[in-house]
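Using UniProt numbering, you'd call the opening residue of the sequence shown number 1 and step up by one each time.
A short worksheet on the structure shown next.
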Amino acid sequence: MTRDGLPPGATLRPEALIALRRLALRASDAPVLSPLPGGIATRHKGAGLEVADLRDYAPGDDLRHLDRGATARTGRPHVRLFQEERDHIAWLVADFGASMFWGITRAFRSVAAAETLALIGWSVVETGGRVGLLALTPVGPVIVPARPRVRGMLDVIAGLVSAHGEALDAILSGETRADPPLDRELLRAERLAGTGSGLFIASGFDIEGAGLADRLGDLARRRDVSLFLVTAAMAGQLPAGRYPVRLSDGRRVRIRATGEGTAHSERVTVAGRPALVVDAADPPSKTAMRLGLRHAAGRAA
């Protein structure tokens, strides 16, 4: 079996991820992702070029920051406070393990994970940051170095599409084995993402591994870690019955649905850390709303 006969929601198209840029363009309050020196003004006051505030001089202040105008008007020495400039660095971590390649209605969970990360990536580059990719697949990781501007995001999209396609081909050919534990896979993220980076992990967290809580704790000590639990919530709302399912190790079994499923809350806890729930059945416009990206719903993809 090949990708050609699969429905749109099972494959990843670059044009669809590029089109998500218009949702990210409406983001009104992008997060601070890194405290490294750079050219992006943040809400923090520090040593930059943009004047953020004035205050009375205090012993030890840099005399080069004296504001002559305010000092002359008030008769008291005043110093300028500058808007701190930081470099936004975001690493997008996409779990494209075999267990992510299924869905109930609109799209596979793997596709929804890529869409979520693309929305975040566009938001980062549109505010002057850099974005990189670590895609975890059954045939090995795909890494795209962090780069700025639209060109950097297009490289990330190319990486997402390539990694997703390779994973899907391996699954369709029956070459995959059971997904490795996520705690082990995230060792690569620790090596890639430097101090102060933003780390955005989209996964079903189906096979966490015994050390995931510790791994996330280690990552979060020097990085800003955000988790996105990608679900297929409709699976809990299927009519009662038995359904054929292929497991991540290739085995085919039948599972019983009771028809008494409950809806997921928007936020849950994964390995002791908060995670935002993303339903693969939701359109990207709704996901953008959950991410805090403001946009006109009527124009959403």
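Here a beta-carbon is modelled for each residue, glycine too, at the ideal position from N, C-alpha and C.
Here the structure is a predicted model, which is why all the values come from computation and not from measurement.
- Taking a cut-off of 8 Å for Cβ pairs, the region 165-182 and the region 133-140 touch, as three or more such pairs fall below it.
- Around the beta carbon of residue 267, fewer than 16 other beta carbons sit within 10 angstroms, so the residue counts as exposed.
- Inter-segment contact for the region 107-120 and the region 265-284 is present: three or more beta-carbon pairs are separated by less than 8 Å.
- Of the candidates 204, 161, 80, 161 places its Cα closest to the Cα of residue 143.
- Counted as a single uninterrupted DSSP element, the beta strand (DSSP E) harbouring residue 94 occupies residues 89-95.
- For residue 232, the number of other beta carbons within 10 angstroms of its own is at least 16, and it is reported as buried.
- Look at residue 142 here: in three-state DSSP terms it is strand.
- Positions of the alpha helix (DSSP H) runs, each at least 4 residues long and wholly inside the region 181-217, are given as 182-185, 187-192 in order along the chain.
- The region 193-201 makes no contact with the region 156-171: fewer than 3 CB pairs, one atom from each, lie closer than 8 Å.
- Counting along the chain, the unbroken alpha helix (DSSP H) around residue 162 starts and ends at 149-172.
- A residue is called buried once 16 or more other Cβ atoms fall within 10 Å of its Cβ, and residue 149, having fewer, is exposed.
- Under the three-state reduction of DSSP output, residue 221 falls in the helix class.
- Taking all protein chains in view, the Cβ of residue 74 is surrounded by fewer than 16 other Cβ atoms within 10 Å, so the residue is classified as exposed.
- Taking a contact to require three or more Cβ pairs closer than 8 Å, the region 181-191 and the region 210-219 qualify as touching.
- Judged by DSSP in its simplified three-state form, residue 56 adopts strand.
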